[in-house]
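Residue numbers (our numbering): 149 to 425. Where a beta carbon is used, it is the ideal one built from N, C-alpha and C, also for glycine.
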Amino acid sequence: MFKILQKQELSENITLFDIDAKDIAKKAEPGNFILLKIHEQGERIPLTIADFDREKGTLTIVFQKVGKTTYHLGTLNEGDFISDIVGPLGTPSHIENLGKVVCIGGGVGIAPVYPVTRALKHAGNSVYSIIGARSKSLLFWEDKMRDVSDELIVTTDDGSYGRKTVVTVPLEELLKENKDIKLVVAIGPAIMMKFVCKTTEKYNVKTVVSLNSIMVDGTGMCGGCRVDVGGESKFCCVDGPEFDGHKVNFDLLMERQKMYLEDEKEALRIYQEKVGE
Ligand SMILES: Cc1cc2nc3c(=O)[nH]c(=O)nc-3n(C[C@H](O)[C@H](O)[C@H](O)COP(=O)(O)OP(=O)(O)OC[C@H]3O[C@@H](n4cnc5c(N)ncnc54)[C@H](O)[C@@H]3O)c2cc1C
Ligand code: FES
Numbered sequence: 149m150f151k152i153l154q155k156q157e158l159s160e161n162i163t164l165f166d167i168d169a170k171d172i173a174k175k176a177e178p179g180n181f182i183l184l185k186i187h188e189q190g191e192r193i194p195l196t197i198a199d200f201d202r203e204k205g206t207l208t209i210v211f212q213k214v215g216k217t218t219y220h221l222g223t224l225n226e227g228d229f230i231s232d233i234v235g236p237l238g239t240p241s242h243i244e245n246l247g248k249v250v251c252i253g254g255g256v257g258i259a260p261v262y263p264v265t266r267a268l269k270h271a272g273n274s275v276y277s278i279i280g281a282r283s284k285s286l287l288f289w290e291d292k293m294r295d296v297s298d299e300l301i302v303t304t305d306d307g308s309y310g311r312k313t314v315v316t317v318p319l320e321e322l323l324k325e326n327k328d329i330k331l332v333v334a335i336g337p338a339i340m341m342k343f344v345c346k347t348t349e350k351y352n353v354k355t356v357v358s359l360n361s362i363m364v365d366g367t368g369m370c371g372g373c374r375v376d377v378g379g380e381s382k383f384c385c386v387d388g389p390e391f392d393g394h395k396v397n398f399d400l401l402m403e404r405q406k407m408y409l410e411d412e413k414e415a416l417r418i419y420q421e422k423v424g425e
C-alpha cells in the first residue's frame with residue numbers, strides 16, 4: 149500500500165500526488181514511469197514519474213482526468229492509499245552535455261518533460277524550453293520549468309496567456325536563430341509530437357519523444373504497447389517510452405490509442421452513474 153502524502157490541483161483536470169514510495173524513489177530516473185492500480189480489482193495505468201525525492205522517499209505523479217481510472221484517482225485525498233505501484237519502469241532518458249537543447253511540454257506532458265529538462269540543465273546544457281496548452285487554465289509548473297531553463301516560452305492556443313500560438317512556431321524560430329541546437333525533447337499529445345518532429349526534420353535536429361501507447365503489463369510480455377519505430381515493432385514499456393521521433397509512425401500510434409474508445413466511454417459512463425456525477 150502506498151500513502152498519498154500531498155494532493156494539489158494544478159489546473160483544470162490536472163492533479164498532483166506526492167506518494168510515499170521509498171524503494172521506487174531510490175531507483176527512479178528521468179524518463180521512468182510507474183504502473184498503478186488504485187485497488188485490488190482496479191485497472192493498471194501507466195503514469196510518468198514527474199519528480200522524485202530520494203531522501204524523503206517520495207514520488208510525484210501528475211495526471212489528467214480523462215477516463216474512469218484517472219477520475220477515480222482524482223477522488224483520493226491526502227492520507228488515502230493506492231493499493232499497487234510497480235516501478236520504476238521503462239528505459240531512463242539518455243542525458244549528456246550536448247550544448248544547446250530544446251525541451252517541449254504540451255498539456256499534461258509538461259510534467260514528464262520537467263525531470264528530463266532538469267537533468268539536461270544539470271548536465272551543463274543551455275536549455276530553451278517551450279510549454280504549451282490549449283488555454284491558461286490548463287497550464288502548470290511554469291515556475292518549475294523556468295528554474296531549470298535558460299529561456300522559457302509559454303504558448304496557449306487561445307491566447308489567454310503567453311503567446312497565442314502552438315509550440316512548433318517558437319520551436320521553428322529557435323531552430324532558425326540557433327543553427328547549433330543539438331537535441332529537441334518533446335512530450336505531449338501524439339499529434340503535437342508528430343508536428344514537432346516534422347519541424348525538426350527540416351533542420352535535421354535529433355528529436356526524442358516519449359510515447360503514450362496503451363499499456364497492460366508494462367514488462368514486455370503482452371504486446372499491448374507495440375509501436376512502429378523505423379519499420380520495426382518496439383515495445384514502448386521496455387524499449388521506450390522514449391524513441392527517436394523521426395522514426396516513429398505517429399499515425400499508427402494514434403490509431404492504436406483509439407482502439408478501446410467505445411469501451412472506455414462506457415466504463416466512464418458506468419463509473420459516473422455509480423458515484424452520482
Ligand atoms: C509511459 C506512459 C506514461 C504516461 N504518463 C502520464 C502522465 O504522467 N500523466 C497523465 O495524465 N497521463 C499519462 N499517461 C496516459 C495515462 O496512462 C492514461 O491517461 C490513462 O491510462 C487513462 O486511463 P483512464 O481509465 O482514466 O481513461 P480511459 O478512458 O481508459 O482512457 C482514455 C485514454 O487514455 C489512454 N489509455 C487508456 N488506458 C491506458 C493504458 N492502460 N495505458 C496507456 N494509455 C491508456 C488511451 O489513449 C485512452 O483513449 C501515460 C501513458 C504512458 C504509456
Ligand atoms: S505493456 Fe505489455 S508489452 Fe508493453
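- Residue Cys251 holds the alpha-carbon nearest to the alpha-carbon of Val356 among Cys251, Ile209 and Gly227.
- Judged by DSSP in its simplified three-state form, Lys292 adopts helix.
- Contact check for Lys269 against Val302 fails: the beta carbons are separated by 8 Å or more.
- Gln212 has its Cβ nearer than 7 Å to a heavy atom of ligand 1.
- Taking C-alpha positions only, Ile329 is separated from Glu321 by approximately 12 Å.
- In the three-state reduction of the DSSP assignment, Arg192 falls in the coil class, being assigned neither a helical nor a strand state.
- Per DSSP, the beta bridge partners of Phe150 are Ile230.
- Ordered by chain, the residues meeting the criterion of a beta-carbon within less than 7 Å of a non-hydrogen atom of ligand 2 are Met363, Val364, Asp365, Gly366, Thr367, Gly368, Met369, Cys370, Gly371, Gly372, Cys373, Phe383, Cys384, Cys385 and Val386.
- CA-CA distance, Glu226 to Lys350, rounds to 47 Å.
- Residues Val332 and Thr355 of the same chain have their beta carbon placed closer than 6 Å to that of Thr348, with the five preceding and five following residues left out of the count.
- Taken from the Cβ of Gly190, every heavy atom of ligand 1 lies 7 Å or farther away.
- Under the 10 Å beta carbon count, Lys324 is surrounded by fewer than 16 other beta carbons and is classified as exposed.
- Distances from the CA of Val210 to each of Tyr262, Glu390 and Ile279 were compared; the closest alpha carbon is that of Tyr262.
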